[in-house]
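Working notes, structure below.
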Amino acid sequence: GFSLIYGSILVKTYRIYKIFKMKRKTQVVKSIVMYGIVMGITSIHIIMLLLWIHFNKIKLRKKYTIVTEEEYNFCEIPKSEHLGYII
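Numbered per our numbering, the sequence shown spans residues 4 to 90.
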């Protein structure tokens, strides 16, 4: 969602920039180029997300309590968990 919304805003801003920068020329950015840029940004985000999911899986560990020595399952989340907020 993020890359689609902000990618399209970026591309539309670029199109407006090109329109006002090239006042004498009637050449504008074509829609197919704009779609390509947005799909490129989205593809990069999807690839980064898939790599992150593949290499940083949540691990299930067996641990024991100190007093009663009972066994329980503990989910260990990778340290790169906070990287997902940035990406």
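We treat Cβ as the ideally placed atom computed from N, Cα and C, and that holds for glycine.
Helix, strand or coil for residue i per DSSP?
i	result
Lys26	coil
Lys65	strand
Quick test of your reading: residue i and residue j, contact by CB under 8 Å. State the CB separation rounded to the nearest angstrom.
i	j	result
Glu74	Lys65	6 Å
Just to confirm, are residue i and residue j a CB contact at a threshold of 8 Å?
i	j	result
Lys21	Val32	yes
Leu7	Thr45	yes
Ile56	Ile80	no
Leu54	Cys78	no
Could you tell me which of the options sits nearest to residue i, measuring between CA atoms?
i	options	result
Arg18	Ile50, Ser34 and Phe58	Ser34
Gly43	Thr71, Gly10, Leu52 and Arg27	Gly10
Ile5	His48, Lys82, Thr71 and Asn59	In the sequence as presented, Ile is not what sits at residue 5; that position holds Phe. Cα-wise, what sits closest to Phe5 is His48.
Lys82	Asn59, Thr71 and Val70	Asn59
Exercise for the section: Could you say if the segment 4 to 15 and the segment 34 to 47 meet the contact criterion of at least three C-beta pairs nearer than 8 Å? Expected result: yes
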